[in-house]
Amino acid sequence: MFGLFSNKRKKFMDVAHTRATNWWKALNVQGIKENSRFCHLCRVEIPRMQGYLFKPRDVINNEKYMETEIGKLEARKIPPEDAQEIIWKRIETDFDDWLICDTCIERFI
Ligand SMILES: [Zn+2]
19 MFGLFSNKRK KFMDVAHTRA TNWWKALNVQ GIKENSRFCH LCRVEIPRMQ
69 GYLFKPRDVI NNEKYMETEI GKLEARKIPP EDAQEIIWKR IETDFDDWLI
119 CDTCIERFI
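For what it's worth, my numbering labels the leading residue of the sequence shown as 19, then goes sequentially.
Put into structure tokens, the structure is as follows:
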């Protein structure tokens, strides 16, 4: 069971990392040559060609991240349906892709 779980985890990370490397390459093609960017969530510096990339819809479809964020609002006495709506709106109106660091990836897996 553990092997199966760690495989899923590795696959999830590989997919998100591949999205990040493709994104870095696309920036390069656009003539944007930065050596690093900051993590969307914690602002730690992420060197070029590293990190994990999530598009807004990847974030919305991520059960773990969404549950945590909804839980935070519920803790502030916001009803679950409203909480979900608030988080969706927040992510949908932020059109940027999220580059995520090695620590923050844990919030998605
Ligand atoms: Zn981070």
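Where is the CB? At the ideal position from N, CA and C, for every residue including glycine.
Under the 10 Å beta carbon count, GLY69 is surrounded by 16 or more other beta carbons and is classified as buried.
Distances taken from the Cβ of VAL62 to the heavy atoms of ligand 1 include one shorter than 7 Å. Taking 8 Å as the upper bound for CB-CB distance, ALA44 and LEU71 are not in contact here, some 10 Å apart. The continuous alpha helix (DSSP H) containing GLU110 extends over residues 98 to 110. Judged by pairs of C-beta atoms under 8 Å, the region 86 to 97 does not touch the region 49 to 64, as fewer than three such pairs exist.
GLU63 has PHE56 as its beta-bridge partners, per DSSP.
Taking 8 Å as the cut-off, the Cβ atoms of ILE118 and PHE30 do not count as close.
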